[in-house]
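Peer 1: Just so we're on the same page, this note's numbering is the position in the sequence shown counted from 1, plus 683.
I have a structure here, written as structure tokens, and I will follow up with some questions on it.
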Amino acid sequence: RRAESYSRAVSGDNAWSIEVQPTTVTLFRGTVFASRDTAYDETMSIPGSITMGGLGEVQFAKFTAAPNTTGAITLSSTTNDTRTITVNAKGMVDY
Numbered sequence: 684r685r686a687e688s689y690s691r692a693v694s695g696d697n698a699w700s701i702e703v704q705p706t707t708v709t710l711f712r713g714t715v716f717a718s719r720d721t722a723y724d725e726t727m728s729i730p731g732s733i734t735m736g737g738l739g740e741v742q743f744a745k746f747t748a749a750p751n752t753t754g755a756i757t758l759s760s761t762t763n764d765t766r767t768i769t770v771n772a773k774g775m776v777d778y
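Set out below in structure tokens:
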């Protein structure tokens, strides 16, 4: 949700994106994870008891916050609890 908000507010005069990896989720400025300025990264650790699946990266356009893709990120715990985060075509993030 923060990436969507930053993009809509044109924070830093840029689009904002998220990169989902097995043990972290990184909010970053721009749309290319490999060439981003890491000074703007916000990284959240994912506990080993949670498995993530679905979307790997979502980029939110500057001004409109329209995502480059839609779909879901699924979080599953070792206790068989599952949560889903969805991103729709308007950039709305729901969980």
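All C-beta atoms, glycine included, are put in the ideal place defined by N, C-alpha and C.
1) Buried or exposed: where does residue 693 fall if 16 or more other Cβ atoms within 10 Å of its Cβ makes it buried?
2) With a floor of 3 residues, list each beta strand (DSSP E) that falls wholly inside the region 706 to 739, ordered by position along the chain.
3) Measure the C-alpha to C-alpha separation of residue 720 and residue 691 and round it to an integer number of angstroms.
4) Measuring only the C-alpha atoms, how far is residue 771 from residue 700?
5) Taking the continuous beta strand (DSSP E) assigned at residue 755, which residues delimit it?
Peer 2: Inspection of the coordinates gives the following:
1) Within the sequence shown, residue 693 is the residue found at index 10, counting from 1. Answer is exposed; the Cβ neighbour count stays below 16.
2) 707 to 712, 725 to 728, 733 to 737
3) Here residue 720 is taken as the residue at index 37 of the sequence shown, counted from 1. Here residue 691 is taken as the residue at index 8 of the sequence shown, counted from 1. Near 20 angstroms, if we compare the C-alpha coordinates of residue 691 and residue 720.
4) As a working note, residue 771 is residue 88 in the sequence shown. As a working note, residue 700 is residue 17 in the sequence shown. Each residue's Cα considered, the two are about 15 angstroms apart.
5) Within the sequence shown, residue 755 is the residue found at index 72, counting from 1. Taken as a continuous stretch (DSSP letters only), the beta strand (DSSP E) holding residue 755 covers 754 to 760.
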